[in-house]
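Comments concern the structure below.
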Amino acid sequence: MGATVELEGQQLNLFNGGPLFPFTEAISLYVNCETQDEIDYYWNALTKDGKESRCGWLKDKFGLSWQIVPSVLGPLLWDKNKSKADAAMQAMLKMVKLDIKALQEAHDNA
């Protein structure tokens, strides 16, 4: 009831913990996306029979948490201009699936 997989050279050991050890948000998989089309693709595929959450988080049909995040998010949130960074953060906090254009607009218009 286990498996070993390799992702980008990193070996991961997976075990079926049964009902005593369900998935929680304590672990999630992160998908870094360059475009809105990528975000939409992964979001739609993983929320099918799953559950949307906030700020780019979701749970798939197995209950595993995922973060579907645009690569531009970090630079927007860590901008040295605090007003611009705060505006991007406030925009993100209102989103379910992240929207690159809306995040950039919030940042740029601050």
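Residue numbers (my numbering): 93 to 202. The beta carbon of each residue, even a glycine, is placed where N, CA and C say it ideally should be.
Excluding residues up to 5 positions away in sequence, Ala-177, Ala-180 and Met-181 lie with their Cβ nearer than 7 Å to the Cβ of Leu-169 in the same chain.
By the neighbour-count criterion, in which a residue is buried when 16 or more other Cβ atoms sit within 10 angstroms of its Cβ, Met-93 is exposed.
When the beta-carbon positions are compared, Lys-186 and Gln-128 stay at least 8 Å from each other. Taking a cut-off of 8 Å on C-beta distances, the stretch 154 to 169 touches the stretch 104 to 120, as three or more cross pairs fall below it. Each of Leu-121, Glu-126 and Leu-150 was checked against the Cα of Trp-135, and the nearest Cα belongs to Leu-150. Classified as buried, Asp-191 has 16 or more neighbouring CB atoms from the shown chains inside 10 Å of its CB.
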